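K.L.:
Take this structure first; my questions come after.
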Amino acid sequence: MWTPLLTVVCLSLCACQEDESLIVKGGSAIVGGKIQLDCWSKAPQNTVRILTWQNQAKQVLFFNNKTVTQDSRFKLVSWQSHRSIISIQKLKAEDHGNYTCIDYKSQPPLIRSASVNVWVPPSQPVVSGPEKPIRENESMELLCTSKPGRPAATIYWINDERQLRNETTHVYMNGMVGSSVRILVDRRDDGRHATCVVNHITGVLRTNWTLLVEYPPELEISKVDGSSEGEELKYECRAKGRPRPSPPRWFRDDKSFSNFSTMSNYLVLSNLSMSNTGLYVCISRNGLGETRATLNVSASDFPRVVETTSEVSTPSYKWPLVAGALIIFLIILIVISIATNHYLKTRKGVGTQRGR
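Under mature numbering (1 follows the signal peptide of the UniProt record, and there is no 0), the residues of the sequence shown are numbered -16 to -1, 1 to 340, in order.
Encoded structure:
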C-alpha cells in the first residue's frame, strides 16, 4: 500500500529538483577584451526568479534587472524572468576568478559559480650572456627571464631552429621565471642566434642572442672568372675570423709577391709563361694566430690563347694560307711544264740540222 505512494512522492521531488536547477556559463578572454556570463533557471518560464550576480569578493553586481555595482565595465546585457546575461568589458587581470549566480526564489537558494579566465600575456623575454666574445671549443651560459603570464607560459631555447635540451628553469620571488642554457660553441656558431622562446596561449615571443666566437683566420682561395681574353690568371684569397683578421697577402718563395692589383687579396698573373708556375702562399693574421693557404699554379692552369673573330670560333687564318700555297704550286707546275716543252723542242731542232 505504501510503496506506490512513496514512489509518487519520490518522483515528484526529483522532478522538482530538476525543474529548479540553475545553469551558469563562464568564459575566457585576454586582458583588455570582453567576456559574457550567463545564468538561467530550468524552472518553468512562467515563474519569476530572483537572480543575483556577485563577484569574487561576494559583492553584489546585479539584483534581477537592477545594476548595483559602480564599475561601468560591468553591463547587464539581457534580463528575463528566468535568465540573466551580463558582460565584463576592458578586462583586467584582477577580474580573473569565479562569479556567483544565486536564485533566491528557490528554497534553499540555488548557488552556482561561473569561471572567468583572464589571459595575461607574458612579458617580452630578456636575454643576458657574456659581454665579450668567447673562444671556440669553450662554453657560454645564457639566461632568459620573463613574466610568465596567465596561464603560465612555456620557456625554452632553440639554436638553428632546433630545441636545446639542457636548459634549467628558475623561479624568482618577484614572479619572474627564467631559463638558462649552456652552449659549447665552435667557429661555425659565430654570428648565429640562440633564441629564447616564450610560448603562450596568446602568442609566441622570441628574443635572439647573437653568438660571438673567437677563432684564428680561416682562408679560402678561389679562381676569379672573367680573365681578359684568356691572357691572365686571377685568384682571390678571402679571410674570415674573430677578431677581424688582417687583409690577406700573397707571397712566393717567402717574399711578398709584387704582381698583384691594389687589392692585396687578389693574385693576378699576366703574360703567362712557365716562370709563373710554382707555389704561392696567402697569409692572414689576427690576435689568435696566423693562417696560411697554399696555391699550386701549374702549366695546366694556363688558359689556351686562340685568335678568334666575333662570328667564328675557329682560327681565321688557315684557309687563305692554303689557297695561296695551292696557287703558287700551280704556277710552279706551269712554269716547269713550259720550260720542259721549250727544251724538248730545242733539242729536236738541233738533231734535225745535224742529220742533213
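The beta-carbon is built from N, C-alpha and C at its ideal position, and this holds for glycine as well.
Values in this document were obtained by computation on a predicted structure and should not be read as measured data.
Quick check for students: name the residue ranges of the beta strand (DSSP E) that lie wholly in the region 162 to 206, counting only runs of 3 or more.
P.N.:
As far as the region 162 to 206 is concerned, its whole beta strand (DSSP E) runs of at least 3 residues are 177 to 184 and 187 to 194.
K.L.:
Please report the distance separating the alpha-carbon of S123 from that of L195.
P.N.:
11 Å
K.L.:
Using alpha carbons as the reference points, say which of Q147, L256 and E274 lies closest to A223.
P.N.:
E274
K.L.:
I205 and C266 - do their beta-carbons sit closer together than 8 Å?
P.N.:
yes
K.L.:
On a CA-only basis, which of P114, E215 and S130 is nearest I167? Give me that one, please.
P.N.:
Out of P114, E215 and S130, P114 has the C-alpha closest to the C-alpha of I167.
K.L.:
Does DSSP put V281 in a helix, in a strand, or in coil?
P.N.:
strand
K.L.:
Please work out which residues of its chain come closer than 6 Å, Cβ to Cβ, to S130, disregarding the five sequence neighbours upstream and downstream, and give them in chain order.
P.N.:
P106, S107, P109 and V182
K.L.:
Nearest to S12 by alpha carbon, out of R119, T31, V161 and A77?
P.N.:
A77
K.L.:
Can you tell me whether DSSP reads D79 as helix, strand or coil?
P.N.:
helix
K.L.:
Helix, strand or coil for R340 per DSSP?
P.N.:
For R340, the predicted structure reports a pLDDT of 45, less than 50, and the residue's modelled location is therefore unreliable. A value from the coordinates is still provided. Of the three classes helix, strand and coil, the one that applies to R340 here is coil, per DSSP.
K.L.:
Following the continuous beta strand (DSSP E) through M160, name the residue where it begins and the one where it ends.
P.N.:
Premise fails: M160 is in no beta strand (DSSP E) and is neither H nor E.
K.L.:
Three or more C-beta pairs closer than 8 Å, one from the region 51 to 61 and one from the region 72 to 91: is that the case here?
P.N.:
A contact exists between the region 51 to 61 and the region 72 to 91.
K.L.:
Output the residue ranges of the beta strand (DSSP E) runs that lie fully inside the region 124 to 149 and measure 3 residues or longer, sorted by chain position.
P.N.:
138 to 143
K.L.:
Only counting the same chain, and skipping five residues up and downstream in sequence, which positions put a Cβ closer than 7 Å to that of S294?
P.N.:
The predicted position of S294 is uncertain, since its pLDDT is 23 and thus under 50; a value taken from the coordinates is nonetheless stated next. For S294, where only same-chain residues beyond five positions count, there are no Cβ hits under 7 Å.
K.L.:
Would you mind stating whether R172 and E198 have Cβ atoms separated by less than 8 Å?
P.N.:
no
K.L.:
For R190, which residues of its own chain have a beta-carbon under 6 Å away from its beta-carbon, when the five flanking residues on both sides are left out?
P.N.:
Correct list, in chain order: T179 and V181.
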